[in-house]
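Beneath this line is the structure, given in structure tokens, with notes to follow.
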Amino acid sequence: MSQKLRKWSTNILFIIALFFIFLYLLVCLVPFINAGSLWFIAVLGLGFPVLFVIVVACAVVWLIKRSKWVFLPVIALLLSWKQIGAAFGFHFFEPAFREQKDPKSIRVLSWNVFRWDEQNKKARG
Numbered sequence: 008m009s010q011k012l013r014k015w016s017t018n019i020l021f022i023i024a025l026f027f028i029f030l031y032l033l034v035c036l037v038p039f040i041n042a043g044s045l046w047f048i049a050v051l052g053l054g055f056p057v058l059f060v061i062v063v064a065c066a067v068v069w070l071i072k073r074s075k076w077v078f079l080p081v082i083a084l085l086l087s088w089k090q091i092g093a094a095f096g097f098h099f100f101e102p103a104f105r106e107q108k109d110p111k112s113i114r115v116l117s118w119n120v121f122r123w124d125e126q127n128k129k130a131r132g
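Read in order, the letters of the sequence shown are residues 8 to 132 in the working numbering.
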């Protein structure tokens with residue numbers, strides 16, 4: 008009985024993990040799809056960090072269990088390395104930002120404060 012229960016629970020966890028990996032890969036497509044036509048995938052994009060943690064947890068669990076299915080979340084993570092870098096700010100292969108400006112150039116700063124004083128304008132009349 009224990010062997011049947013273990014096999015059944017492993018199969019259920021595998022199906023759940025596949026579901027989350029599929030969702031994760033859909034969310035990774037958010038930069039490439041039209042949010043007007045497939046809005047539900049764009050909304051799922053808000054859950055990218057949570058799905059990332061779930062996929063990493065699946066990889067760790069399958070690695071600990073020494074399962075042959077560990078390659079599924081690893082491949083999903085490798086396919087989404089660009090989105091991971093954008094979401095968490097890992098910029099290892101890009102040049103560092105220079106805060107010093109060239110002496111012959113200027114920096115322009117635009118303050119987008121057009122409607123900040125709207126309430127005071129209404130109060131004054």
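Positions of the beta carbon are idealized from the N, C-alpha and C atoms, including for glycine.
- Judged by DSSP in its simplified three-state form, Gly96 adopts coil rather than helix or strand.
- Around the CB of Trp69, 16 or more other CB atoms lie within 10 Å, so the residue is classed as buried.
- CA-CA distance, Leu51 to Ala83, rounds to 16 Å.
- Pairing Pro80 with Ala66 gives a Cβ-Cβ distance under 8 Å.
- Counting C-beta atoms within 10 angstroms of its own C-beta, Ile61 has 16 or more neighbours from the protein chains shown and is therefore classed as buried.
- DSSP, reduced to helix, strand and coil, places Pro110 outside both helices and strands of the structure shown, so it counts as coil.
- If you draw a straight line from the Cα of Lys11 to the Cα of Gly96, it is about 45 Å long.
- Counting along the chain, the unbroken alpha helix (DSSP H) around Arg13 starts and ends at 9-35.
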